[in-house]
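Notes for the one structure printed next.
Number of protein chains: 2
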Amino acid sequence: MNIEKIEAAATRLKGIARRTPLLSSPHLDAIAGRRVFVKPECLQHTGSFKFRGAYAAVSALPPEVRARGILAYSSGNHAQGIARAAQLFGVPAVIIMPQDAPAAKIEGTKALGGEVVLYTRGGESREAIGARLAETRGLTLIRPYDEPEVIAGQGTCGLEIAEQAAERDIDRAEVLVCCGGGGLTAGIALALEARAPGLRVRPAEPEAFDDTARSLASGTRQSNTQEAGGLCDAILTPTPGEITFPINARLCGPGLSVSDAEVLQAMALALRHLKIVAEPGGAVALAAALFRSEALEADTVIATVSGGNVDAAVLARALAG
Amino acid sequence: MNIEKIEAAATRLKGIARRTPLLSSPHLDAIAGRRVFVKPECLQHTGSFKFRGAYAAVSALPPEVRARGILAYSSGNHAQGIARAAQLFGVPAVIIMPQDAPAAKIEGTKALGGEVVLYTRGGESREAIGARLAETRGLTLIRPYDEPEVIAGQGTCGLEIAEQAAERDIDRAEVLVCCGGGGLTAGIALALEARAPGLRVRPAEPEAFDDTARSLASGTRQSNTQEAGGLCDAILTPTPGEITFPINARLCGPGLSVSDAEVLQAMALALRHLKIVAEPGGAVALAAALFRSEALEADTVIATVSGGNVDAAVLARALAG
């Protein structure tokens, strides 16, 4: 993994992925006690940053391999990213999703032409199901984060952050990234290392799924004790990635974690002051920016809102809070 | 009013106003039966396009005049735009707002340093209250739409639409604009006339407040029979503007109107598929794009979402629909 790979992904994504703006509100600055910018990847195609990595990986395949079809396993955002990327290339996509994924994500994936195969968490592993399908149908598996082309695609979000920070004369900031397997975190960290070295990434996670924070603290990959059941479905991975963790261990500052109540509050504040829809897993970094002042150092924080694919009932719950 | 005035406003707004992106979703295309792009001015500073015109007008004043303070009357979005523009220049702003304006807008205006004076619709006119205050305190009144510098500022949204259409090789489209007094409509129409003549503006209004559509059809300025009570508070003006109407009569296609139920549905679809918050008055153009297919001609429609300042209860109502 290097900056050239991210730049190459950016070239392939030009005119395809959306360059999301950098948003802010004096109301949020007042809550945080510092300057807060938000990178709203919920506005990306398919409603999350995952489209960047999915398209980067699908577009990197040799055409004859791509034509046989793509396989992915995902709780929903990578699923939609892969389904849309495959649709744009006119090739099949088979997506293995957990049965408890939000309905909006399952329907969204199907509506984008994805063939959805549901599995039960705790039963046969999605990896085993995927391996069998890949073999029988000649599909190419694109992993959600432990895949260099995917990390390169997510890194294009970091290139944009570097440019947008420079436009505002920001040369020192903490960049809070919603962290599951660590693909977005690693991609952004690599891009910033090369293009904006004064900007340091801090991974953000839900309190009950803080494997990356504990892994960064201990120096070795730690697991979550729970596998499911959290509010933040998008980022409930069992453990940091094999490829992503060494990158994040080298480049990131300490992890931050927030409660579900803080996540819901951040979702409501994003609706009210930024006019964007954040899903729970997409709101952890903003929640950390707003409610973990004591753990932050820089005068300026840039928080990713990594996705906005949330069922109406959860959104209504955030609004009612 | 001419394109040079809009270009001059764009120069003053550079680095101050946000360049909002152009969003889209295959799901919305499928509903509309054509390609739909959305210009989300809800993502603009203060949550609506009004910041453009407010800042353009405040920045055009001679410094010694500006220093005495600004006066505005507004149901809420112009109020917040003026309050924020005055705050950025460090000068006072007095805003006359109707007592039935959404709480979010009254509070938002106060939080931006605006001094709010409430009046009752149907009682003493806001114009009379404004004239008295302007005289006694030396304030400069900035009208919400019948003011050339305000129209020029709103026109910068049209310059962006022209550029963003060109980037996508769109040389023919209908541009649906949420229309109250007609300032945004006129500004965009003037910008497109000069920079993208194949793009034609169509004003969109609520059914019960379709003064512009009737005025365009008859060729003379018509009034609404109701003055208040509609869902779409942002665009409940009694009649098209004196300055804006001749511009819109020369440049716009026929007006479109939509029901409150369609507005709520468009708000829900914007939340779900674009991840943006549209307020009722800001969703009329999108509602027309989605539900007035028979009245549209072009293969491509660009709908403004002009604002997102909506109380949580109304947003919850849209979500529950």
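Sequence lines, in order, name chains F and G. The first sequence maps to residues 1 to 321 in full-length UniProt numbering. The second sequence maps to residues 1 to 321 in full-length UniProt numbering. Glycine is no exception: its CB is placed at the ideal position from the N, C-alpha and C atoms. Since we're looking at a predicted model, the values are computed, not measured.
What is the rounded straight-line gap between the Cα of residue i and the Cα of residue j?
i	j	result
A189 (chain F)	D260 (chain F)	26 Å
A173 (chain F)	L22 (chain F)	14 Å
I16 (chain G)	A57 (chain G)	13 Å
P280 (chain G)	I235 (chain G)	9 Å
I31 (chain G)	G198 (chain F)	45 Å
A8 (chain G)	R292 (chain F)	42 Å
R66 (chain G)	V150 (chain G)	15 Å
N248 (chain G)	G153 (chain G)	16 Å
T109 (chain F)	G308 (chain F)	14 Å
R317 (chain G)	P62 (chain F)	48 Å
A217 (chain G)	C252 (chain G)	11 Å
L184 (chain G)	H45 (chain F)	27 Å
V263 (chain F)	Q164 (chain F)	26 Å
R250 (chain G)	R214 (chain G)	15 Å
E64 (chain G)	E41 (chain F)	43 Å
A270 (chain F)	V310 (chain F)	14 Å
V36 (chain F)	A289 (chain F)	7 Å
S223 (chain F)	A295 (chain F)	23 Å
A208 (chain G)	G180 (chain G)	12 Å
G114 (chain G)	I95 (chain G)	6 Å
residue 336 (chain G)	C157 (chain F)	There is no way to answer for residue 336 (chain G), as the model of chain G reaches only from 1 to 321.
L43 (chain G)	S306 (chain G)	9 Å
L274 (chain G)	M267 (chain F)	16 Å
R168 (chain F)	A278 (chain F)	24 Å
S125 (chain G)	S24 (chain F)	35 Å
V117 (chain G)	V177 (chain F)	42 Å
Please state whether the Cβ-Cβ distance between residue i and residue j is less than 9 Å.
i	j	result
N161 (chain G)	I302 (chain G)	Here residue 161 (chain G) turns out to be Ile, not Asn, going by the sequence shown. Contact flag set, yes.
I3 (chain F)	E193 (chain F)	yes
I276 (chain F)	G155 (chain F)	no
A320 (chain F)	A312 (chain G)	yes
K50 (chain F)	H78 (chain F)	yes
G81 (chain F)	Y55 (chain F)	yes
D146 (chain G)	E205 (chain G)	no
A85 (chain G)	G69 (chain G)	no
R121 (chain F)	D100 (chain F)	yes
G138 (chain F)	Y73 (chain F)	no
S48 (chain G)	D233 (chain G)	no
D211 (chain F)	R221 (chain F)	yes
V314 (chain F)	P102 (chain F)	yes
P98 (chain G)	A228 (chain G)	yes
L231 (chain F)	R195 (chain F)	no
R272 (chain G)	A104 (chain F)	yes
L88 (chain G)	I142 (chain G)	no
R52 (chain G)	L112 (chain G)	no
P240 (chain G)	M1 (chain G)	no
T237 (chain G)	R34 (chain G)	no
Using the Cβ count rule (16 or more neighbours within 10 Å means buried), how would you classify residue i?
i	result
T11 (chain G)	exposed
A285 (chain G)	buried
T304 (chain F)	buried
A287 (chain F)	buried
P254 (chain F)	exposed
Q226 (chain F)	exposed
K39 (chain F)	buried
G282 (chain F)	buried
A186 (chain F)	buried
A83 (chain G)	buried
A166 (chain G)	exposed
To which residues does DSSP link residue i through a beta bridge?
i	result
A204 (chain G)	G:C178 and G:L256
E72 (chain F)	Looking at the sequence provided, one finds Ala at residue 72 (chain F) rather than Glu. According to DSSP, which records beta bridges pairwise, A72 (chain F) is partnered with F:I95.
L23 (chain F)	F:V38
Y119 (chain G)	G:P98
G307 (chain F)	F:S48
I276 (chain F)	G:I276
V301 (chain F)	F:V36 and F:E174
L199 (chain G)	G:A173
T140 (chain F)	F:I70
Residues of the region 4-21 of chain F with a CB closer than 9 Å to any CB of chain G: list them in chain order, please.
-> If the cut-off is 9 Å between Cβ atoms, the region 4-21 of chain F has G15, R18, R19, T20 and P21 near chain G.
*Interfacial residues, the region 81-111 of chain G to chain F, with Cβ spacing under 9 Å*: Cβ contacts with chain F come from R84, Q87, A104, G108 and A111.
Q.
Along the region 34-52 of chain G, where does the CB come closer than 7 Å to a CB of chain F? Name the residues.
A. Hits within the stretch, in order: C42, L43 and G47.
Just by C-beta distance, which residues in the region 112-127 of chain G are closer than 9 Å to chain F? So the close ones are L112.
Q. What are the residues of the region 298-316 of chain F that lie near chain G, defined by any Cβ-Cβ distance shorter than 7 Å?
A. Listed by position, the residues of the region 298-316 of chain F near chain G (Cβ gap below 7 Å) are G308, A312, L315 and A316.
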